[in-house]
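Single-structure report; data block below.
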Ligand SMILES: [Zn+2]
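In this note's numbering, the protein residues as written are 916 to 1356.
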């Protein structure tokens, strides 16, 4: 890790005891989880957060944005729930000097919990067992959001006149529905900063890179006939099965070191994960009448890329490879239309960038481990797309992804986060904000 050449901060975070205790932290998170803020229904949660933040003395700007006011980008072109009545909230501690600004980002929406009978507890009640809190959004991303809220309140308490640079927290709608769109509303409002921290579950470690990705839609067209004479029809499901097998083969082929332009140290940051470019089908639809050969099948899913991958080149490669494998397997009989319905940019901030260096200093300052020990653990990627690519791609904002909890629990039954991890991340994020804002611009 490169040595910091800039001035050391003049103040660090005060004793840990000044954060609200575990019970208070759990109650705040329980209040947030009780709002069923499934994409499209974020407004009641956001209005609650605005009132809460104003009571804490934070500056709050709550606003709605229409699609017409946003620049033309992949996220505005993608199919998404309308933005009407889906407010964005930006909380701020105004800076009092010439230091660098920092902006935290959390999405206010969660995925639904339709499989609630698989949960041990009601997903919207947030049951606490010891240190662990269960509920939809506990780790994705209301737990990480609570870490940032506690950090801001602590900073406001410790620095009533403000830090040398602005500290912001933007709470954006729609990440689970359409990556990037919510953050774009805040960009269009004029919010920017010298660094961004995207709040997502990262096992409590700052991550300096995240995935780009594409959402694909495959449409298979056959010819329906009664099953008793099925040899006279054309089974769209048979074509879909060949395509699913081809996707598995493509995922394996895209694993090879020569499978793309990205074979450098960035690949190493993703080496902890079994798939370099995962292809995941998450929805299959087809069939109308019982007893009939299926005429139409649609498969949708995500094709996830490395941050440096050329997205248009990979769109073409995905299309060409799938079509040629499918035609070879079906003796030229399969008919498959391929659309890309969403795309998002990944990000990577160099590990020797001052933001990364400062983040590790903040973590090590509050840890029993030395900075050197932590540096040996190295930088690992966040194995998902998220809001990190938006500002990084538009304005080159150095960006980290960071938060308590794990992707292993996100979106699943019995999603949880540990309250001690939420509070630990709060202290570390406050420490990062203090150190970063004390660096001269
Ligand atoms: Zn998330």
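Cβ coordinates follow ideal geometry from the N, Cα and C atoms, glycine included.
Since we're looking at a predicted model, the values are computed, not measured.
Contact test: residue i Cβ vs ligand 1 heavy atom, cutoff 8 Å
i            : result
residue 1357 : Residue coverage of the chain in this structure runs from 916 to 1356, which leaves residue 1357 outside it and unanswerable.
residue 1056 : yes
residue 1325 : yes
residue 995  : no
residue 1022 : yes
residue 1301 : yes
residue 1236 : no
residue 1090 : yes
residue 1030 : no
residue 1115 : yes
Alpha helix (DSSP H) segment containing residue i, residue limits
i            : result
residue 1200 : Here residue 1200 belongs to no alpha helix (DSSP H); instead the beta strand (DSSP E) covers 1194-1201.
residue 1061 : 1058-1073
residue 1209 : Premise fails: residue 1209 is in no alpha helix (DSSP H) and is neither H nor E.
residue 1144 : That residue, residue 1144, is in no alpha helix (DSSP H); it is neither H nor E in DSSP.
residue 1106 : Looking at the DSSP string, residue 1106 is not in any alpha helix (DSSP H), and its letter there is neither H nor E.
residue 991  : 989-992
residue 1340 : 1334-1352
residue 1268 : Where residue 1268 is concerned, there is no enclosing alpha helix (DSSP H), given that its DSSP letter is neither H nor E.
residue 1132 : Where residue 1132 is concerned, there is no enclosing alpha helix (DSSP H), although the beta strand (DSSP E) it sits in stretches over 1127-1136.
residue 970  : 958-970
Alpha carbon of residue i to alpha carbon of residue j, nearest angstrom
i            : j            : result
residue 1305 : residue 1016 : 18 Å
residue 1350 : residue 1004 : 25 Å
residue 1066 : residue 1091 : 24 Å
residue 1303 : residue 1262 : 6 Å
residue 1343 : residue 1334 : 14 Å
residue 1177 : residue 1093 : For residue 1177, the predicted structure reports a pLDDT of 49, less than 50, and the residue's modelled location is therefore unreliable. A value from the coordinates is still provided. Using only the alpha carbons, I get a separation of about 26 Å.
residue 1122 : residue 1266 : 9 Å
residue 1139 : residue 1007 : 59 Å
residue 950  : residue 1039 : 7 Å
residue 1053 : residue 1292 : 26 Å
residue 991  : residue 1228 : 21 Å
residue 1191 : residue 1163 : 13 Å
residue 971  : residue 964  : 11 Å
residue 1021 : residue 1084 : 8 Å
residue 1317 : residue 1206 : 51 Å
residue 1251 : residue 1148 : 16 Å
residue 953  : residue 962  : 15 Å
residue 1002 : residue 1338 : 27 Å
residue 1193 : residue 934  : 40 Å
residue 1079 : residue 1268 : 20 Å
residue 1198 : residue 1111 : 33 Å
residue 942  : residue 1231 : 49 Å
residue 1170 : residue 1255 : 21 Å
residue 1060 : residue 1208 : 49 Å
residue 1219 : residue 1071 : 39 Å
residue 1144 : residue 1150 : 12 Å
residue 1301 : residue 1125 : 7 Å
residue 1354 : residue 1011 : 13 Å
residue 944  : residue 1241 : 48 Å
residue 1253 : residue 1340 : 42 Å
residue 1057 : residue 1325 : 11 Å
residue 1128 : residue 1185 : 14 Å
Counted within 10 angstroms of its Cβ, other Cβ atoms place residue i as buried (16 or more) or exposed
i            : result
residue 1146 : exposed
residue 1210 : buried
residue 969  : exposed
residue 1214 : buried
residue 1188 : exposed
residue 1024 : buried
residue 981  : exposed
residue 1298 : buried
residue 1030 : exposed
residue 1141 : exposed
residue 939  : exposed
residue 1032 : exposed
residue 1019 : buried
Residue interval of the beta strand (DSSP E) (run including residue i)
i            : result
residue 1317 : 1314-1317
residue 1028 : Taken as a continuous stretch (DSSP letters only), residue 1028 belongs to no beta strand (DSSP E), as it is neither H nor E.
residue 1190 : Residue 1190 -> no beta strand (DSSP E), and no H or E assigned at all.
residue 1005 : 1003-1008
residue 950  : From DSSP, residue 950 is part of no beta strand (DSSP E); its letter is neither H nor E.
residue 1310 : First-last for residue 1310: 1303-1310, but that is the alpha helix (DSSP H), not the beta strand (DSSP E).
residue 1081 : Careful: residue 1081 lies outside any beta strand (DSSP E) and carries neither H nor E.
residue 1018 : 1017-1022
Near ligand 2: residue i beta-carbon under 8 Å from a heavy atom
i            : result
residue 1235 : With respect to ligand 2, the structure shown offers nothing to examine, as its ligands consist of ligand 1.
Touching or not, the region 1323-1331 and the region 1040-1052, by the rule of three or more beta carbon pairs under 8 Å? yes
Please determine if the region 1120-1134 and the region 1096-1111 are in contact, where contact requires at least 3 C-beta pairs separated by less than 8 Å. no
Check whether the region 941-950 and the region 979-997 touch, using three or more Cβ-Cβ pairs below 8 Å as the test. no
Is there contact here, the region 1267-1286 with the region 1225-1236, by at least three beta-carbon pairs under 8 Å? no
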